[in-house]
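Below is one structure; the comments refer to it alone.
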Amino acid sequence: MARKSLIDRWIEKLEGSGKVDSEKLAQFVDQLKENYRDEAILIKHMEAEAHHLPYNHLTRDALNLAEAKKQHLRQLERLIVELGGTIDTREFESYNAEPSGQFTEILQRENELGERLIDQTIWLEGTGLAEYADVLLKLKNDHSDHREKIERLIMKINAAL
120 MARKSLIDRW
130 IEKLEGSGKV
140 DSEKLAQFVD
150 QLKENYRDEA
160 ILIKHMEAEA
170 HHLPYNHLTR
180 DALNLAEAKK
190 QHLRQLERLI
200 VELGGTIDTR
210 EFESYNAEPS
220 GQFTEILQRE
230 NELGERLIDQ
240 TIWLEGTGLA
250 EYADVLLKLK
260 NDHSDHREKI
270 ERLIMKINAA
280 L
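Residue 280, in my numbering, is where the sequence shown stops; the numbers in between run on with no holes.
Below, the structure written as structure tokens:
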């Protein structure tokens with residue numbers, strides 16, 4: 120059996136690196152579905168809280184933020200479908216979010232989702248699915264923007280009360 124040169128081994132490695140492990144891809148799609156579910160529930164909580172704010176301008180700001188998060192949710196859905204997954208909306212469509220009067224809980228959930236995206240990006244880079252890491256980084260940037268808007272909204276609520 121002839122030994123392969125270093126160059127031949129690198130060529131084989133590079134040619135093989137483009138192949139996506141279907142098990143890892145399925146695991147990634149499952150993670151995205153979990154993100155989707157949690158995002159959808161967070162939006163429902165945000166809308167419920169918005170309708171219980173004392174001033175119209177605060178309600179409008181909160182609902183605008185919820186709409187921005189819905190656009191983020193649609194991006195996530197497109198990615199899931201592109202990867203061959205499907206979304207079962209029955210689980211969270213019937214979810215009834217009760218307002219607690221605590222926008223800080225929404226901020227905490229937003230932070231958790233953002234941290235999860237960072238962890239998933241790192242995981243992707245280690246599994247050979249790095250091409251999707253850029254998409255997750257964009258979604259993470261959206262989360263950072265949403266987090267800042269939630270923080271500003273909390274400050275406005277505190278100043279108004």
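In this text, a Cβ means the ideal position worked out from N, Cα and C, and glycines have one as well.
Source: prediction; values computed, not measured.
Counting C-beta pairs with one atom in each stretch, the segment 216–223 and the segment 161–174 have three or more that are closer than 8 Å, which means they touch. Counting only the Cα atoms, Gln146 lies some 20 Å from Glu210.
Straight through space, the alpha carbons of Leu195 and Asp180 are spaced by roughly 23 Å. Restricting attention to Leu226, Gly245 and Thr240, the CA atom closest to the CA of Ser263 is found in Leu226. The C-alpha of Asp253 lies about 20 Å from the C-alpha of Arg266. In this structure, the alpha-carbon of Val200 lies about 41 Å from that of Lys123.
In the DSSP annotation of this structure, Ala216 is not part of any alpha helix (DSSP H), being labelled neither H nor E.
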